[in-house]
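Engineer: Just so you know, the protein sequences line up as chains A and B, in that order. First residue of the first sequence: 1, per the working numbering; consecutive thereafter. First residue of the second sequence: 112, per the working numbering; consecutive thereafter. Note that CB positions come from ideal geometry on N, CA and C, so glycine has one too. Sharing a structure, written as structure tokens. Questions coming.
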Amino acid sequence: DAGITQSPRHKVTETGTPVTLRCHQTENHRYMYWYRQDPEHGLRLIHYSYGVKDTDKGEVSDGYSVSRSKTEDFLLTLESATSSQTSVYFCAIPSGSRGYTFGSGTRLTVV
Amino acid sequence: AQSVTQLDSQVPVFEEAPVELRCNYSSSVSVYLFWYVQYPNQGLQLLLKYLSGSTLVKGINGFEAEFNKSQTSFHLRKPSVHISDTAEYFCAVSGTTNFGNEKLTFGTGTRLTIIP
């Protein structure tokens, strides 16, 4: 989507390894969000940021950490990946008309 | 805190037939309501939203939804579906205070399958 990109698009990693997902925005927005999407749960908020170095936990934050050293970048790190973290991860920013604009997602598989 | 219930996980519909996807929400405060669509292997796209005013909201691709405060519902409808409407549909709710600080809470999604 215009203004927000995620990388990588696909990632396969082994259990116990660290993984970092990147979200980059060009909208200069203060707020950024990380969600995970699972068939039985829909989308659930992992962490969000309300400014550089300002972050807070969401509904399913255990096992995840985030960092925001620049307005445009919001990083999601799995310190030691587990199979339960196999999911599709979406980054989002508020849109001008309320609601969010989402990135295209990162499909993460932990084997 | 808010929550969203989408009771139908899958809805099969014949092409050109009408469809209704159900969404109910729970909240102790005023809410904004949203429907998002996700086509296969893509991100989420805003279909329509209710912020205030008329309770009947029209969105893209011929979809509409009606906000019913007494029944805490925001059902999505389309009078005649096309093959291209095959997708997953998510209902979402947020509070109405500070813009950007109101996190979206999503339902579990409804997979709409159009049968030729």
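For residue 21 of chain A, collect the residues of the same chain with a Cβ closer than 6 Å to its Cβ; drop the 5 residues on either side in sequence, then sort them by chain order.
Structural biologist: 76, 89 and 106.
Engineer: So residue 6 of chain A packs on residue 103 of chain A, CB below 8 Å; how close in whole Å?
Structural biologist: Correct: roughly 4 Å between the Cβ atoms.
Engineer: Candidates B:176, B:217 and B:173: which alpha carbon is nearest residue 228 of chain B's?
Structural biologist: Outside the displayed span of chain B (112 to 227) sits residue 228 of chain B, for which this structure offers no information.
Engineer: How far does the beta strand (DSSP E) with residue 25 of chain A in it reach, from first residue to last?
Structural biologist: 19-25 is the span of the beta strand (DSSP E), which, as asked, contains residue 25 of chain A.
Engineer: Here's a check: name, in chain order, each residue in its chain whose Cβ is nearer than 6 Å to the Cβ of residue 112 of chain B, leaving out the five neighbours to either side.
Structural biologist: Answer for residue 112 of chain B: no residue qualifies.
Engineer: Note down, in chain order, every chain B residue with its Cβ under 7 Å from the Cβ of residue 105 of chain A.
Structural biologist: Within 7 Å Cβ-Cβ: 154.
Engineer: Does the stretch 65-83 of chain A come into contact with the stretch 43-56 of chain A, if we say contact requires no fewer than three beta-carbon pairs (one atom in each stretch) closer than 8 Å?
Structural biologist: At 8 Å Cβ cutoff, the stretches touch.
Engineer: Would you report the Cα separation of residue 111 of chain A and residue 78 of chain A, rounded to the nearest angstrom?
Structural biologist: Going by the C-alpha atoms only, they are around 14 Å apart.
Engineer: Work out the CA separation of residue 185 of chain B and residue 133 of chain B for me, nearest whole Å.
Structural biologist: Going by the C-alpha atoms only, they are around 7 Å apart.
Engineer: According to DSSP, simplified to helix, strand and coil, what is residue 153 of chain B?
Structural biologist: Three-state DSSP puts residue 153 of chain B in coil, outside helix and strand.
Engineer: At least one CB of chain A closer than 8 Å to the CB of residue 215 of chain B: is that the case?
Structural biologist: So, interface residue.
Engineer: Could you tell me which of A:52, A:53, A:44 and A:10 sits nearest to residue 62 of chain A, measuring between CA atoms?
Structural biologist: Selected option, being the one with the closest Cα: A:44.
Engineer: When you compare the CB of residue 36 of chain A with every CB in chain B, is at least one pair closer than 8 Å?
Structural biologist: Taking Cβ atoms only, chain B never reaches closer than 8 Å to residue 36 of chain A, which makes this a no.
Engineer: Could one say the Cβ of residue 102 of chain A lies closer than 8 Å to chain B's Cβ atoms, at least one of them?
Structural biologist: Chain B contact via Cβ: present.
Engineer: Taking C-beta to C-beta, are residue 223 of chain B and residue 200 of chain B nearer than 8 Å?
Structural biologist: Going by C-beta atoms, residue 223 of chain B is nearer than 8 Å to residue 200 of chain B.
Engineer: Return no unless some Cβ of chain A is closer than 8 Å to the Cβ of residue 170 of chain B.
Structural biologist: With 8 Å as the cut-off, residue 170 of chain B does not count as an interface residue toward chain A.
Engineer: Between the stretch 41-53 of chain A and chain B, which residues of the former have CB atoms less than 9 Å from a CB of the latter, in chain order?
Structural biologist: From the stretch 41-53 of chain A, only 41, 42, 43, 44, 45, 48 and 50 have a Cβ closer than 9 Å to chain B.
Engineer: Let's see if you can read the secondary structure: which residues bound the beta strand (DSSP E) around residue 14 of chain A?
Structural biologist: From DSSP, residue 14 of chain A is part of no beta strand (DSSP E); its letter is neither H nor E.
Engineer: If the criterion is Cβ atoms closer than 8 Å, does the pair residue 35 of chain A and residue 93 of chain A meet it?
Structural biologist: Result no, Cβ atoms of residue 35 of chain A and residue 93 of chain A do not sit closer than 8 Å.
Engineer: So for residue 55 of chain A, helix, strand or coil by DSSP?
Structural biologist: Strand, per DSSP.
Engineer: Which residues in chain A have a C-beta closer than 7 Å to the C-beta of residue 218 of chain B? List them in chain order.
Structural biologist: By Cβ distance, chain A contributes 42.
Engineer: Using the DSSP secondary-structure output, state which residues sit across from residue 179 of chain B in a beta bridge.
Structural biologist: DSSP lists B:184 as partners of residue 179 of chain B.
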